[in-house]
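Structure first, commentary second.
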Amino acid sequence: MTDVVVLQMLLLRYAASTSELDRTACAGYIDQCDRFRGRGERIAGWVWQAPVSRKGLLAEFAKGSMARKRLWVDRMCNEVVNLLRGPNSALKLTPYRVRNPESWRSAGAKFLRGFYDSGLGASTSTFPEYLFSEPSAEPFGREQFLSAFLTVNRELRFCSACDETKHYTVSRTGKRAYIDHYFPKSLYPHLACHPYNLVPVCSFCNEIKQDRDPLLRKTRKRRSKPSHISLPYRGQSDLGSWTYLKVRLLDTLPPAAFEELKPQGANYLTDGIETFRELYEVPDRWDKQVDCVGPSLVRHLFQFLDAHFVPRDAGRISVDYMDWFLSQLMDYRGREPFAFAMTWWAAALVNKEQVDTVAHDAEHSTSLMLQLPILFGYDERPRPAHFEDPDEYEISENLLEEDNVRSAIETARSLRGVADTAA
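Structure (structure tokens):
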């Protein structure tokens, strides 16, 4: 998609240098760019093939004042290139908010948005292969974009914004997904095709976010730095890697409240957390679905106990075992619904349990975790058939001493330390 963004800016630069379009001149202008050299005629032909949405809008843009056109295009080029380098302190993004724009400016914005519609707007739309610089390039559309996204994010099976539902499905015609413009293309037309601005999300997040500007607070004040706003991707820019979920344990039903995301370290994350909450209503949506998160946590707990031959009604389980379970929940993130919420809920339970254990001077806890099945209606708490008498069963501690298990336990313990400090 970088080629597409560069081509958009290149075509606008050409139209900013003239008042009347010429296909041959346009092809020559394109050929001057190393990225597209030798393909200028074909690319110009593609532009002229759409007399209204591409060539027509570009021609209308060309009618504007040459000096003003160049200033407008230069600003957008700088913002596009800076974002390609990744969010940084120098990044500035200017929204397109003009009440009565000149016809040339309006045409330029429509031209940029129209590029997205040409290649990614519908399941059958594609950009032709000669727009791309790779020798083996093929036509590229929504399905190819989603496939490329899934290749890079192999472990991401659920929406990167809400962590609740799958962000794509597969139909007879291939993979289908909503592609969200994090910075709305209505306000940032120059980012309509930008690879860092396209995020596959679930239909619910797409509907909730709508065209809200991440850089505009609910108070209508601008946020200070775009670089302080994390895109809902996994990896280094993943907000979830640098935040924790504050969970309040309750003695009533539901037995927990998911209160807010909080930064694990740097204070600048406050802006990103606030933005995320305003755009996607997270973690508020999780808090309204504790009755869904709880049973899911119970099912994963049962699976863990069964896998390690621990009776479901054991009553007492060491904190080490609970930390091992917590480490597995951490690995589920992006692969199981509500994994982030489940992880921090479990962390809060283990922390509370450890405090109670110390207070009562007991070697093993009376597990709060194992009380969850009762709270969520698992009254019988059936145990695996190979356990005849759980009182005669003794949990093996040898397994907990294996290097990989100890490492997982220590990782979970570090995570609990964040939650414990937060309390």
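Residue numbers (this note's numbering): 56 to 478.
Think of the CB as a built atom: it goes at the ideal place given N, C-alpha and C, for glycine as much as any other residue.
Computed from a predicted structure; not experimentally measured.
- By the CB criterion at 7 Å, residue 297 and residue 324 fall inside the cutoff.
- Here the alpha carbons of residue 267 and residue 474 stand approximately 31 Å from one another.
- About 15 Å separates the CB atoms of residue 365 and residue 405; that is not less than 8 Å, and the two are not in contact.
- The beta carbon of residue 318 sits closer than 7 Å to the beta carbons of 297, 298, 324, 325, 328 from its chain, once the five residues preceding and following it are set aside; these are given in chain order.
- Listed in chain order, the non-local C-beta contacts of residue 71 below 6 Å within the same chain comprise 124, 125, 128, local neighbours out to five positions each way being set aside.
- Proximity of the stretch 381-391 to the stretch 335-345 falls short of the contact definition, fewer than three beta-carbon pairs being nearer than 8 Å.
- Contact between residue 389 and residue 212 holds, since their C-beta atoms are separated by about 6 Å, short of 8 Å.
- A straight line joining the alpha-carbon of residue 396 with that of residue 363 spans about 24 Å.
- In the three-state reduction of the DSSP assignment, residue 245 falls in the helix class, which pools H, G and I.
- In this structure, DSSP gives residue 226 an extended state, which the three-state scheme calls strand.
- Three or more beta-carbon pairs separated by less than 8 Å link the stretch 166-173 to the stretch 238-246, which places the two stretches in contact.
- Under the DSSP assignment, residue 334 falls in the alpha helix (DSSP H) whose first and last residues are 324-335.
- For the pair residue 166 and residue 246, the CB atoms are not nearer than the 7 Å cut-off.
- For residue 303, there is no enclosing alpha helix (DSSP H); the residue is part of the beta strand (DSSP E) that begins and ends at 298-304.
- Taking one beta carbon from each stretch, the stretch 152-166 and the stretch 88-96 have fewer than 3 pairs nearer than 8 Å; the two do not touch.
- If you look at residue 115, you'll find it in the alpha helix (DSSP H) that goes 110-117.
- For residue 256, the uninterrupted beta strand (DSSP E) run begins and ends at 253-256, by DSSP.
- Beyond the five residues adjoining it in sequence on each side, residue 178 comes within less than 8 Å, by CB distance, of 196, 197, 198, 228, 229, 231 in the same chain, given in chain order.
- Bridge partners of residue 312 according to DSSP: 303.
- Going by C-alpha positions, residue 189 is about 11 Å away from residue 57.
- Our two residues, residue 458 and residue 466, have alpha carbons roughly 12 Å apart in a direct line.
- Within the same chain, and ignoring the five residues on either side of residue 315 in sequence, the residues whose Cβ sits closer than 6 Å to its Cβ are 301.
- In this chain, the alpha helix (DSSP H) harbouring residue 131 covers 121-139.
- Within the same chain, Cβ atoms closer than 6 Å to the Cβ of residue 187 are found at 58, the five residues on either side in sequence being excluded.
- Closest option to residue 78, judged by alpha-carbon separation, among 98, 60, 62, 409: 98.
- Given a length threshold of 4 residues, each whole run of the alpha helix (DSSP H) inside the stretch 151-202 is given here in chain order: 158-174.
- According to DSSP, residue pairing for residue 388 in a beta bridge involves 391.
- With a 10 Å radius around the Cβ and a threshold of 16 neighbouring Cβ atoms, residue 398 comes out buried.
- It is roughly 22 Å from the alpha-carbon of residue 81 to the alpha-carbon of residue 130.
- A direct Cα-Cα distance of roughly 10 Å separates residue 360 from residue 377.
- Classified as buried, residue 270 has 16 or more neighbouring CB atoms from the shown chains inside 10 Å of its CB.
- Contact annotation: residue 200 and residue 159 have beta-carbon atoms that are not nearer than 7 Å.
- In chain order, 134, 138, 238, 243, 246, 270, 281 place their CB closer than 8 Å to the CB of residue 148, counting only its own chain and leaving out the 5 sequence neighbours on each side.
- C-alpha of residue 263 to C-alpha of residue 87: approximately 44 Å in a straight line.
- Rounded to the nearest whole angstrom, the CA to CA distance from residue 334 to residue 217 is 11 Å.
- When secondary structure is reduced to three states using DSSP, residue 240 falls in the coil class, being assigned neither helix nor strand.
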